[in-house]
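If you read the sequence shown in this note's numbering, its first letter stands for residue 31, the second for the next number, and so on. Each remark here refers to the structure printed beneath this line.
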Amino acid sequence: MTATTAFPHLFAPLDLGFTRLKNRALMGSMHTMLEEMPGGFEKMAAYFGERAKGGVGMIITGGIAPNEVGLPTPGLAKLSTPEEAAQHRIVTERVHAIAPDCKICMQILHVGRYAYHPNLVAPSPIRARISPCVPNELTEEQIWEQIHDFVNCAVLAQQAGYDGVEVIGSAGYLISEFLVTHTNHRSDGWGGAYENRMRFPLEIISRIRQAVGPNFILVYRIAAMELLENGSSWDEVVTLAKAIEKAGATIIST
């Protein structure tokens, strides 16, 4: 049995309305650490260029933080300034030069309480087992600052030549921390009822879509199962997925 017979739609185009993917093969996000090396963006360009040459329909990069507090450790790659966007253009131009019909999207990743630095933030001050630091509880003003930084990161990714962005709302990172009661003990408009807990990702997605316009790929990576005590119920996952799609993003499940 060949891939064509086992998966008859794998090599068929996928219409996204304003654009299309040449096939259904997607290179999922993997953090290579290349961007942290000397000449790292040239190395990233070579790496993703080879994947584009191989015929994949869409590439999603490793996670890039929208600000300093969203980094796993200080000094890693983030995207928050035009100068940083110029470095990313090295990657997008290489991919599009090698395969003009290959789409490349940048993953926006805010690690939240998983960070290994004292400035880490989360909806509630609950330490993760994999971090030695207790996160700083976000104030209302700081929550809006994080949302702004997600939007700014997406706009800069667009300016850098990416075809879209993927916002990661799974794997226990900051967005997940708002969604589940295990990590969100807030009693304000960002906690309590699920409608409040899902407000954070909805504000991010709707504001990104408004900022980048309709002709930009916007993917939201949702957690179908968190493998965590007091995680989201199936009904909550479905409710969030419908709301995210209504706000203008395409869902990918993990």
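Positions of the beta carbon are idealized from the N, C-alpha and C atoms, including for glycine. Small disclaimer: the values here were computed from a predicted structure and weren't measured.
Asked, Found
"Roughly how many whole angstroms lie between the Cα atoms of Val86 and Leu56?", "6 Å"
"Using only CA atoms, which one of Gln189, His39, Pro43, Arg143 lies nearest to Cys163?", "Arg143"
"Is it right to say Phe48 is buried, meaning 16 or more other beta carbons lie within 10 angstroms of its own, or is it exposed?", "exposed"
"In three-state terms, what does DSSP make of Ile160?", "coil"
"Return the residue from the list His140, Thr211, Ala158, Glu266 that minimises the CA-CA distance to Ile234.", "His140"
"To which residues of the same chain is Gly221 closer than 7 Å at the C-beta, ignoring the five residues directly before and after it?", "Pro153, Asn214, His215, Arg227"
"What first and last residue would you give for the beta strand (DSSP E) that runs through Val141?", "That residue, Val141, is in no beta strand (DSSP E); it is neither H nor E in DSSP."
"Measuring alpha carbon to alpha carbon, tell me which residue in Ile173, Leu270, Pro244, Met255 is nearest Leu25.", "Because the chain is modelled from 31 through 284, residue 25 falls outside the range shown and cannot be assessed."
"Nearest to Gly105 by CA position, among Glu207, His147, Met88, Ile198, is which residue?", "His147"
"To which residues of the same chain is Arg325 closer than 8 Å at the C-beta, ignoring the five residues directly before and after it?", "Given that the chain is displayed from residue 31 to residue 284, the structure contains no residue 325 and the question cannot be resolved."
"State the CB to CB distance for the pair Ile252 and Val267, rounded to an integer number of angstroms; the pair is presumed to be in contact (CB under 8 Å).", "7 Å"
"So, at 8 Å on beta carbons, what are the nonlocal neighbours of Pro231 in its own chain, with the 5 sequence-adjacent residues on each side left out?", "Val197, Gly199, Ile205, Phe208, Leu209, Tyr250, Leu270, Ile274"
"Measure the alpha-carbon distance for Ala145 versus Pro102 and round it to whole angstroms.", "4 Å"
"Could you please give the first and the last residue of the uninterrupted beta strand (DSSP E) stretch that includes Tyr203?", "No beta strand (DSSP E) contains Tyr203, which DSSP labels as neither H nor E."
"So the candidates are Ala158, Arg157, Val151, Pro155; which of them puts its Cα closest to the Cα of Ile173?", "Val151"
"Count the other CB atoms within 10 Å of the CB of Asp218; is the residue buried (16 or more) or exposed (fewer)?", "exposed"
"The alpha helix (DSSP H) that contains Leu46, what's its start and end?", "Where Leu46 is concerned, there is no enclosing alpha helix (DSSP H), given that its DSSP letter is neither H nor E."
"Considering only C-alpha positions, which residue in the set Lys272, Thr91, His212, His178 is nearest to Arg237?", "His178"
"In three-state DSSP terms, what is Thr122?", "helix"
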